[in-house]
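**Student:** One structure, pasted below without further comment.
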Amino acid sequence: MHCDQRETDYWLCETNATGVSELQKKLFGEAILKVKPYVEAGKVQTFNGATRLFPGLSTQPAYGHTPGHTFYVLESKGEKLVFWGDVLHVTEVQFPKPSITIAFDMDQSSAARTRGKAFAQAAEEGYLVAPAHTSFPGIGHVVRDGDGFRWLPAPYVNDAIVKPVASPALQSSGKQ
């Protein structure tokens with residue numbers, strides 16, 4: 001697992017769980033339960049900020065929702081897909097008004113700034129994005145719409161269920 005050092009430092013420090021809401025205490029407990037075994041087994045590699053993990057896969061800091069929230073950027077043959085994670089929570093509300101935050105955004109002003117920058121960059125550059133909280137297929141584009149933005153889901157096509165059309169030569173020979 002590859003994770004920003006800020007994220008692991010925050011969630012795996014039990015003293016950070018003191019003086020927080022019951023819901024946040026539960027989140028700390030889940031992080032410790034689910035991630036700490038991987039840390040202890042040496043299966044977690046941390047990074048700081050923008051980092052190239054592998055050829056074609058890099059990280060982009062997206063702090064605000066959590067202290068180490070990160071976008072993962074996949075690039076190949078001139079194409080780009082950015083996995084946004086939790087930068088967006090309510091598509092119908094936050095695309096038109098990226099400044100709207102939710103209680104789960106730990107640093108609300110940073111989260112709003114990060115969201116606005118992410119939307120603007122995706123709209124300007126036209127690459128695909130994969131936010132966590134959008135409906136199927138969960139991959140699409142962002143376009144400007146007045147003072148805000150709009151989500152355009154990528155069309156879903158299942159080539160496996162499309163029956164191939166026989167060529168005219170095969171049809172006339174009776175071999176299909």
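Number 105 in the numbering used here belongs to position 105 of the sequence shown; there are no gaps in the numbering. Backbone N, C-alpha and C define an ideal beta-carbon position, used for all residues, glycine too.
With a cut-off of 8 Å, do at least 3 Cβ pairs link the stretch 80-90 to the stretch 9-16?
**Tutor:** Flag = no, the stretch 80-90 and the stretch 9-16 do not touch.
**Student:** If contact is defined by three or more beta carbon pairs under 8 Å, each pair taking one atom from either stretch, is the stretch 89-104 in contact with the stretch 118-138?
**Tutor:** Segments in contact, yes.
**Student:** Using only alpha-carbon positions, find the residue among V129, T46, N48 that is nearest to W151.
**Tutor:** For the residues V129, T46, N48, the minimum Cα distance to W151 belongs to V129.
**Student:** By Cβ distance, which residues of its chain are closer than 6 Å to L74, with the 5 residues on each side in sequence left out?
**Tutor:** Excluding residues within five positions, the ones whose Cβ falls inside 6 Å are L57, L81.
**Student:** Tell me the DSSP bridge mates of H133?
**Tutor:** Its beta-bridge partners do not exist; DSSP assigns none.
**Student:** What residue from W11, G138, H69 has the CA that sits closest to K25's CA?
**Tutor:** Nearest option by C-alpha distance: W11.
**Student:** Please check the pair L53 and T46, which I expect to be a contact at CB under 8 Å, by giving their CB distance rounded to whole angstroms.
**Tutor:** About 11 Å separates the two Cβ atoms, so there is no contact after all.
**Student:** Look up F104 in the DSSP assignment and say whether it is helix, strand or coil.
**Tutor:** Coil.
**Student:** Tell whether a beta-carbon distance below 8 Å holds between D9 and G64.
**Tutor:** Contact flag unset, no.
**Student:** Just the C-alpha distance for E7 and I102, rounded to the nearest angstrom, thanks.
**Tutor:** So the alpha carbons of these two residues sit roughly 19 Å apart.
**Student:** Is the beta carbon of A132 sitting closer than 8 Å to the one on F149?
**Tutor:** Taking 8 Å as the Cβ cut-off, A132 and F149 do not qualify as a contacting pair.
**Student:** Measuring CB to CB, does V87 end up less than 8 Å from T114?
**Tutor:** Yes, Cβ-Cβ distance for V87 and T114 is below 8 Å.
**Student:** Looking only at its own chain, which residues have a Cβ that is under 8 Å from the Cβ of Y156, when we skip the five neighbours before and after it?
**Tutor:** F136, P137, listed in sequence order.
**Student:** Which residue comes first and which comes last in the alpha helix (DSSP H) that contains G29?
**Tutor:** From DSSP, the alpha helix (DSSP H) with G29 extends over 22-40.
**Student:** Report buried or exposed for V20, applying the criterion of at least 16 other Cβ atoms within 10 angstroms of its Cβ.
**Tutor:** Looking at its Cβ environment, which holds fewer than 16 other Cβ atoms inside 10 Å, V20 is exposed.
**Student:** Which residues mark the beginning and the end of the alpha helix (DSSP H) in which T91 is found?
**Tutor:** That run of the alpha helix (DSSP H) goes 91-94.
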